[in-house]
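Chemist: A single structure is presented below for examination.
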Amino acid sequence: MSLHLKTAAELGRGIRAGEYSSGELTRHFLDRIGRGNERLNAFITVTPERALEDARRADATVAAGRGGALTGVPIAHKDIFCTDGILTTCGSKMLANFVSPYDATVVERLAAAGTVMLGKTNMDEFAMGSSNETSFYGPVRNPWDETRVPGGSSGGSAAAVAARLAPVATGTDTGGSIRQPAALTGLTGIKPTYGRVSRYGMIAFASSLDQGGVLAQSAEDAALVLEAMSGFDPRDSTSVDTPVPGYAGALDRPVKGLRIGIIREFFGDGLDPATGDAVQVALDIFRDLGIELVELSLPALPLSVPTYYVVAPAECSSNLSRFDGVRFGYRCDDPKDLLDLYTRSRGEGFGAEVKRRIMTGTYVLSAGYYDAYYLKAQKVRSLINEDFRRAFAEVDVLVGPTSPTPAFRLGAKVDDPVTMYLNDIYTIGANLAGLPALSAPCGLVEGLPVGLQVIGPHFAESRVLAVAHAYQRETDWHRRVPRAWA
Amino acid sequence: MTLTRRDVENIAHLARLRITEEELPVYVGSLSRILEFIEQLGSASTGEVEPMAHPLEDQVQRLRADEPTETDHRDRYQQNAPAVEAGLYIVPKVIE
Numbered sequence: 182m183s184l185h186l187k188t189a190a191e192l193g194r195g196i197r198a199g200e201y202s203s204g205e206l207t208r209h210f211l212d213r214i215g216r217g218n219e220r221l222n223a224f225i226t227v228t229p230e231r232a233l234e235d236a237r238r239a240d241a242t243v244a245a246g247r248g249g250a251l252t253g254v255p256i257a258h259k260d261i262f263c264t265d266g267i268l269t270t271c272g273s274k275m276l277a278n279f280v281s282p283y284d285a286t287v288v289e290r291l292a293a294a295g296t297v298m299l300g301k302t303n304m305d306e307f308a309m310g311s312s313n314e315t316s317f318y319g320p321v322r323n324p325w326d327e328t329r330v331p332g333g334s335s336g337g338s339a340a341a342v343a344a345r346l347a348p349v350a351t352g353t354d355t356g357g358s359i360r361q362p363a364a365l366t367g368l369t370g371i372k373p374t375y376g377r378v379s380r381y382g383m384i385a386f387a388s389s390l391d392q393g394g395v396l397a398q399s400a401e402d403a404a405l406v407l408e409a410m411s412g413f414d415p416r417d418s419t420s421v422d423t424p425v426p427g428y429a430g431a432l433d434r435p436v437k438g439l440r441i442g443i444i445r446e447f448f449g450d451g452l453d454p455a456t457g458d459a460v461q462v463a464l465d466i467f468r469d470l471g472i473e474l475v476e477l478s479l480p481a482l483p484l485s486v487p488t489y490y491v492v493a494p495a496e497c498s499s500n501l502s503r504f505d506g507v508r509f510g511y512r513c514d515d516p517k518d519l520l521d522l523y524t525r526s527r528g529e530g531f532g533a534e535v536k537r538r539i540m541t542g543t544y545v546l547s548a549g550y551y552d553a554y555y556l557k558a559q560k561v562r563s564l565i566n567e568d569f570r571r572a573f574a575e576v577d578v579l580v581g582p583t584s585p586t587p588a589f590r591l592g593a594k595v596d597d598p599v600t601m602y603l604n605d606i607y608t609i610g611a612n613l614a615g616l617p618a619l620s621a622p623c624g625l626v627e628g629l630p631v632g633l634q635v636i637g638p639h640f641a642e643s644r645v646l647a648v649a650h651a652y653q654r655e656t657d658w659h660r661r662v663p664r665a666w667a
Numbered sequence: 007m008t009l010t011r012r013d014v015e016n017i018a019h020l021a022r023l024r025i026t027e028e029e030l031p032v033y034v035g036s037l038s039r040i041l042e043f044i045e046q047l048g049s050a051s052t053g054e055v056e057p058m059a060h061p062l063e064d065q066v067q068r069l070r071a072d073e074p075t076e077t078d079h080r081d082r083y084q085q086n087a088p089a090v091e092a093g094l095y096i097v098p099k100v101i102e
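Sequences listed follow chains C and R, in order.
Count the first sequence with my numbering and you get residues 182 to 667, in order.
Count the second sequence with my numbering and you get residues 7 to 102, in order.
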């Protein structure tokens, strides 16, 4: 089997067994990127020198008998993670010249685990988008159909792994930005519990919602990489100081006897019928595995999208105020005074969607409107959180579709922001409540992948991954590769 | 909620964003549409509900001892600055 068709876990085992070196593997993937990236636009920056240096170090570690599960395995990082000495753009003109002076904790930990950095992946500007069309570096194409979007905001990471230009990639998820692109490109993507993965060096969008995670080929790969990147970090004030369980070691935990909740609100009018059918088939497989299915209702959940579009823009308007053209980032030409410097640097450096969200946030936080919008949204967020809490008193995990439709065509939704926002209707709830959630491929609809979402209670990553792994032992959707990239 | 051009100019000013004449009507339309969309929050009954402060229960803001933990990286950091002189960030004259 060609090297690029192997999962990250298989590649790690192959390196340790001496079947191939990390150097060979790294050159193989760099070669695939060299030939394929022009078509997909999945990478903003490729780092061949760094990759080959990482690979040499990994091969030496393995030769010394100290290799771990991920030693020598190539990885791509979303360009939202700061990488020391390497361009870190966040998909924005604002940071088109920003060479980070430090590594994000996620990058540092995955390097310590022995992974090899291939480069930085394309993304919606500042992670604000659901189609990867807001990137300053241009849209990413879906390897399953290059006229379609890969989803967003981690669209470059999704396309890179789906086309096997990288075995695995990091992503971030504020409202669905790992799970929705994973669903649209046939990958397994996990966003852990809020506070599980350090946000240090992860460029902030909405701080109460942002979490780092993984886009992978399987639940096993997702478990291995998540385990390596998780854990307490004193440099992130919301990092949670509880030990990380061995996610990979818990994959084979029995699922028989678990109770799965089917969220009634996720199977309403907006769901594409063929996508709904694929999810139903997956539910039958769970039933055959001895899992009990329980239908339940989360009545406040339909308000998650409007809640998110108050909370996230509010936080983004505050976070992005740091980009002022003074200390780093884009500065306009010939500012005539300080106000002109601020307003033109920001007006020219940010793209249309980012400006729209900053203005939405500025408005909902402005004097006289704060109670009506922001405070109201945080109260509705409590209701949504309470719905989840009640549900998890009855069931072990919740299951439903990840995205209402398969990948749509490039340009199809760019004119109406609200239509675009509704792509995240099933994913946003987990962010508002800080819950771990995963998307796994569960079928093809007219040749396009669709995803099954598994949501767990806080810190139940092991259970969510075990459920997905049990499903992936019964099915092979996660091993499908777009024909053009096999 | 329908915003006027004047409203959007005011929001843009508060956000320190220069919006061009061509962009303005686009934002008047799309921001009005977004506000209309989020107004459905009004349908939720939230009388006694506490606003959410943190996604995890019982989390408190962690404090650390007030001791320096970082060394000086000014020169390295200023390599990303648009304009510096003698270790200072340069901006247009503020006081004439």
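Think of the CB as a built atom: it goes at the ideal place given N, C-alpha and C, for glycine as much as any other residue.
(1) Let me confirm a value: Tyr602 (chain C) is counted as buried when at least 16 other C-beta atoms fall within 10 Å, else exposed. Which label applies?
(2) With 16 as the cutoff for other CB atoms within 10 Å, does Ile4 (chain R) come out buried or exposed?
(3) Hey, is the segment 225-238 of chain C in contact with the segment 205-216 of chain C, meaning 3+ C-beta pairs nearer than 8 Å?
(4) Please look up how many angstroms separate the CB atoms of Pro617 (chain C) and Pro373 (chain C), rounded, as I've assumed it's under 8 Å.
(5) DSSP beta-bridge partners for Gln392 (chain C)?
(6) Scan the segment 534-547 of chain C for residues whose Cβ lies nearer than 7 Å to a Cβ of chain R and list them as they occur along the chain.
(7) If you drop the 5 nearest sequence neighbours on each side, which residues of the same chain put their C-beta closer than 6 Å to that of Gly337 (chain C)?
(8) Does the count of Cβ pairs from the segment 630-645 of chain C and the segment 378-394 of chain C closer than 8 Å reach three?
(9) Just to confirm the assignment, what range does the alpha helix (DSSP H) spanning Gly295 (chain C) have?
(10) DSSP on Asn16 (chain R), reduced to helix/strand/coil?
(11) How about Leu268 (chain C): is its C-beta nearer than 8 Å to some C-beta of chain R?
(12) With which residues is Asp326 (chain C) paired in a DSSP beta bridge?
(13) Which residue from C:Phe504, C:Pro362, C:Asp354, C:Val491 puts its Cα closest to that of Thr270 (chain C)?
(14) With distances taken between CB atoms, is the gap from Ile443 (chain C) to Val580 (chain C) smaller than 8 Å?
(15) Beta carbons nearer than 7 Å to chain R: which residues of the segment 494-513 of chain C have them?
(16) Where does Arg80 (chain R) land, buried or exposed, given buried means 16+ other C-beta within 10 angstroms?
(17) Find the residues of chain C that neighbour Leu62 (chain R), judging by a C-beta separation of less than 8 Å, and give them in chain order.
(18) Does the CB of Arg11 (chain R) have a neighbour CB from chain C at under 8 Å?
(19) What residue from C:Gly193, C:Glu191, C:Leu184 has the CA that sits closest to Asp212 (chain C)'s CA?
(20) Just the chain R side, please: which residues come within less than 8 Å of Phe262 (chain C) by C-beta, in chain order?
(21) If we ignore side chains and look at the alpha-carbon of each, how far apart do Ala340 (chain C) and Arg329 (chain C) end up?
(22) Let's see if you can read the secondary structure: which residues bound the beta strand (DSSP E) around Glu476 (chain C)?
(23) Is the CB of Tyr523 (chain C) under 8 Å away from at least one CB in chain R?
(24) Would a check of beta-carbon distances place Glu56 (chain R) closer than 8 Å to chain C?
(25) In terms of residues, what are the limits of the alpha helix (DSSP H) holding His209 (chain C)?
(26) Does the distance from the C-beta atom of Ser562 (chain C) to that of Val492 (chain C) stay below 8 Å?
(27) With a 10 Å radius around its C-beta and 16 neighbouring C-beta atoms as the bar for buried, classify Gly310 (chain C) as buried or exposed.
(28) Quick check on Pro487 (chain C) - is its C-beta less than 8 Å from some C-beta in chain R?
(29) Could you check what DSSP says for Ile371 (chain C) in three-state terms: helix, strand or coil?
(30) With 8 Å set as the bound, which would you pick, yes or no: does the beta-carbon of Pro98 (chain R) sit closer than that to a beta-carbon of chain C?
(31) Hey, quick one: how far does the alpha helix (DSSP H) through Thr488 (chain C) stretch, first residue to last?
(32) Does the separation of the CB atoms of Leu396 (chain C) and Pro362 (chain C) fall below 8 Å?
(33) What are the start and end residues of the beta strand (DSSP E) that includes Ala257 (chain C)?
(34) With burial defined as no fewer than 16 other Cβ atoms inside 10 Å of the residue's Cβ, what is the status of Lys594 (chain C): buried or exposed?
(35) Considering Cα atoms alone, identify which of C:Leu479, C:Pro324, C:Tyr201 is closest to Val576 (chain C).
(36) Could you tell me whether any Cβ in chain R is nearer than 8 Å to the Cβ of Asn604 (chain C)?
Modeler: Per the coordinate set shown:
(1) Its Cβ being crowded by 16 or more others within 10 Å, Tyr602 (chain C) is buried.
(2) This structure cannot settle anything about residue 4 (chain R), because the visible part of chain R is limited to 7 through 102.
(3) A contact exists between the segment 225-238 of chain C and the segment 205-216 of chain C.
(4) With a Cβ gap of about 5 Å, Pro617 (chain C) and Pro373 (chain C) count as contacting.
(5) Per DSSP, C:Asp354.
(6) Per Cβ criterion, the list reads Lys536, Arg537, Ile539, Met540, Thr541, Thr543, Tyr544, Ser547.
(7) These residues qualify, in order along the chain: Ala223, Thr302, Asn303, Met304, Val321.
(8) Touching, no, given that fewer than three Cβ pairs across the two stretches are closer than 8 Å.
(9) For Gly295 (chain C), there is no enclosing alpha helix (DSSP H), since its DSSP letter is neither H nor E.
(10) Taken through DSSP and simplified to helix, strand or coil, Asn16 (chain R) comes out as helix.
(11) No, its Cβ sits nowhere closer than 8 Å to a Cβ of chain R.
(12) Beta-bridge pairing links Asp326 (chain C) to C:Asn323.
(13) Closest by alpha carbon: C:Phe504.
(14) With respect to Val580 (chain C), Ile443 (chain C) sits close: the two C-beta atoms are nearer than 8 Å.
(15) Against chain R - using a Cβ distance shorter than 7 Å - the residues of the segment 494-513 of chain C are Ser498, Gly506, Val507, Arg508, Phe509, Arg512.
(16) Exposed, because fewer than 16 other Cβ atoms sit within 10 Å of the Cβ of Arg80 (chain R).
(17) Neighbours of Leu62 (chain R) on chain C, chain order: Thr374, Tyr375, Gly376, Val421, Gly615, His639.
(18) When Cβ-Cβ separations below 8 Å define contact, Arg11 (chain R) makes no contact with chain C.
(19) With respect to the C-alpha of Asp212 (chain C), the residue from C:Gly193, C:Glu191, C:Leu184 having the closest C-alpha is C:Leu184.
(20) Residues of chain R passing the Cβ test: none, with the nearest at roughly 16 Å.
(21) Cα-Cα distance, rounded: 11 Å.
(22) Unbroken beta strand (DSSP E) run through Glu476 (chain C): 473-477.
(23) Closer than 8 Å: yes.
(24) Judged by the 8 Å Cβ criterion, Glu56 (chain R) is in contact with chain C.
(25) Per DSSP, the continuous alpha helix (DSSP H) segment holding His209 (chain C) begins and ends at 203-221.
(26) Residue 562 (chain C) is actually Arg in this sequence, not Ser. Pairing Arg562 (chain C) with Val492 (chain C) gives a Cβ-Cβ distance under 8 Å.
(27) Of the other Cβ atoms in all chains shown, 16 or more fall within 10 Å of the Cβ of Gly310 (chain C); this residue is therefore buried.
(28) Closer than 8 Å to some Cβ of chain R, the Cβ of Pro487 (chain C) qualifies, so yes.
(29) Judged by DSSP in its simplified three-state form, Ile371 (chain C) adopts strand.
(30) Interface annotation, Pro98 (chain R): in contact with chain C, CB-CB separation under 8 Å.
(31) Here the alpha helix (DSSP H) through Thr488 (chain C) covers 485-500.
(32) Less than 8 Å divides the Cβ of Leu396 (chain C) from the Cβ of Pro362 (chain C).
(33) Here the beta strand (DSSP E) through Ala257 (chain C) covers 255-259.
(34) When all chains shown are included, Lys594 (chain C) counts as buried.
(35) If we check each option's Cα against that of Val576 (chain C), C:Leu479 comes out closest.
(36) At a cut-off of 8 Å between beta-carbon atoms, Asn604 (chain C) makes no contact with chain R.
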